[in-house]
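Colleague: Take the sequence shown: its position 119, counted from the start at 1, is 119 in UniProt numbering, and no numbers get skipped.
For glycine and all other residues, C-beta sits at the position ideal for the given N, C-alpha and C.
Mind looking over this structure? Questions follow.
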Amino acid sequence: MSGLGAMCLAGTASVGLSSTAQAQSVPAVPQPPMPRLARTHEVVSLNAVQTTRPRVALTFDDGPHPQNTPWLLDILAQYNAKATFFVIGRNAQRYPEIMRRIVAEGHEIGNHTLTHPVLAQLGDGNVLREIDRTQQIVWDTVGAVPVTMRPPYGSFSHRQMNMLFQQRNLSTVVWSVDPQDWRRPGVSVVADRMVRGARPGAVILAHDIHGPTIRAVPQALQGILARGLEPVTMSDLLAWPHWGPRGLRYVSASGHQHRG
Numbered sequence: 001m002s003g004l005g006a007m008c009l010a011g012t013a014s015v016g017l018s019s020t021a022q023a024q025s026v027p028a029v030p031q032p033p034m035p036r037l038a039r040t041h042e043v044v045s046l047n048a049v050q051t052t053r054p055r056v057a058l059t060f061d062d063g064p065h066p067q068n069t070p071w072l073l074d075i076l077a078q079y080n081a082k083a084t085f086f087v088i089g090r091n092a093q094r095y096p097e098i099m100r101r102i103v104a105e106g107h108e109i110g111n112h113t114l115t116h117p118v119l120a121q122l123g124d125g126n127v128l129r130e131i132d133r134t135q136q137i138v139w140d141t142v143g144a145v146p147v148t149m150r151p152p153y154g155s156f157s158h159r160q161m162n163m164l165f166q167q168r169n170l171s172t173v174v175w176s177v178d179p180q181d182w183r184r185p186g187v188s189v190v191a192d193r194m195v196r197g198a199r200p201g202a203v204i205l206a207h208d209i210h211g212p213t214i215r216a217v218p219q220a221l222q223g224i225l226a227r228g229l230e231p232v233t234m235s236d237l238l239a240w241p242h243w244g245p246r247g248l249r250y251v252s253a254s255g256h257q258h259r260g
């Protein structure tokens, strides 16, 4: 992997993308059948990436949220920071314009299941149905298929991770930095935890469904950038091909074109 490797979860073998801003829109054209992911790497699972490049992955779970996600996108644009959004399929289906804006602005979409269940309690068939339905929703909405999956609550056995990789070529991504923003410890606490955990290859977890988390992001970004670290997408952190649709043009309400 060009001198860069995935740091796997313990015991798991590596066998193996303003509230005031205009939302982006894409022409309603029929999509071709959803492509099956090709085997392009051997990363079954990871919680961080081994790299000397000064990069971190900002990741946001559980959205998109109708107010918080556009607000977050405004902030990320101000700092020229990129992130990966692990979306819940039902939310992605509910807010397609936000999904298209995420992609048009250079961020990545990851799979966070259709309904946010505890995957470790499900059989393989139900796990794959949760993930496959979300893959299809994302493909139908933005014209690209997620290449990573984050299990809700991080609850996914090593056997399941291998099953998902073998059956769907999807890598399981958890995290190395957890600010526990869902506990709402306070804006400054969340920002400080994100900054203190930031180091080359870190995968930082947060949730764009919580307003206090969004308020913490500017302070966190300032601290991360001050450390000389660049926030990038998961695929970019892993030095995989840049994630996103190929040749798909997004047109904003103001008429500006964006190409995926």
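Assuming Ile209 contacts Asn68 under a Cβ cut-off of 8 Å, what Cβ separation, rounded to an integer in Å, is found between them?
Modeller: As a first step, residue 209 is located in the sequence shown; it is residue number 209 there, counting from the start. As a first step, residue 68 is located in the sequence shown; it is residue number 68 there, counting from the start. Confirmed, about 6 Å.
Colleague: Thinking Asp61 and Leu205 are a contact (beta carbons under 8 Å), I'd like their distance in whole angstroms, please.
Modeller: On the sequence shown, residue 61 is found 61 positions in, with the first residue counted as 1. On the sequence shown, residue 205 is found 205 positions in, with the first residue counted as 1. Contact holds; Cβ gap of about 7 Å.
Colleague: To which residues of the same chain is Pro117 closer than 6 Å at the C-beta, ignoring the five residues directly before and after it?
Modeller: Within the sequence shown, residue 117 is the residue found at index 117, counting from 1. Taken in chain order, the list of residues that qualify is empty.
Colleague: Tell me the DSSP secondary structure of Arg55 in three-state form.
Modeller: Position 55 of the sequence shown holds residue 55. Here Arg55 sits in strand by DSSP.
Colleague: Given a cut-off of 9 Å, decide if Gly223 and residue 261 are closer than it, judged by their beta-carbon atoms.
Modeller: It is not possible to answer for residue 261, since the shown part of the chain is limited to 1 through 260.
Colleague: Less than 6 Å between C-beta atoms, sequence neighbours within five positions excluded: which residues of the same chain meet that for Val177?
Modeller: Start at 1 with the first residue of the sequence shown, and residue 177 comes out as number 177. Hits under 6 Å: Gly197, Ala202 and Ile204.
Colleague: If contact is defined by three or more beta carbon pairs under 8 Å, each pair taking one atom from either stretch, is the stretch 231 to 242 in contact with the stretch 89 to 104?
Modeller: No, because fewer than three Cβ pairs between the stretch 89 to 104 and the stretch 231 to 242 fall closer than 8 Å, the two stretches do not touch.
Colleague: In three-state DSSP terms, what is Gly123?
Modeller: Translated into the one-based positions of the sequence shown, residue 123 becomes position 123. Gly123: coil per DSSP, three-state reduction.
Colleague: For Glu105, which residues of its own chain have a beta-carbon under 7 Å away from its beta-carbon, when the five flanking residues on both sides are left out?
Modeller: The residue given as residue 105 occupies position 105 in the sequence shown. Cβ neighbours of Glu105 beyond the five flanking positions: Leu73 and Ala77.
Colleague: Apart from the five residues just before and just after Ile137, which ones in its own chain have a Cβ nearer than 7 Å to its Cβ?
Modeller: For this step, residue 137 is matched to residue 137 along the sequence shown. Closer than 7 Å at Cβ, skipping near neighbours: Gly89, Ala92 and Gln93.
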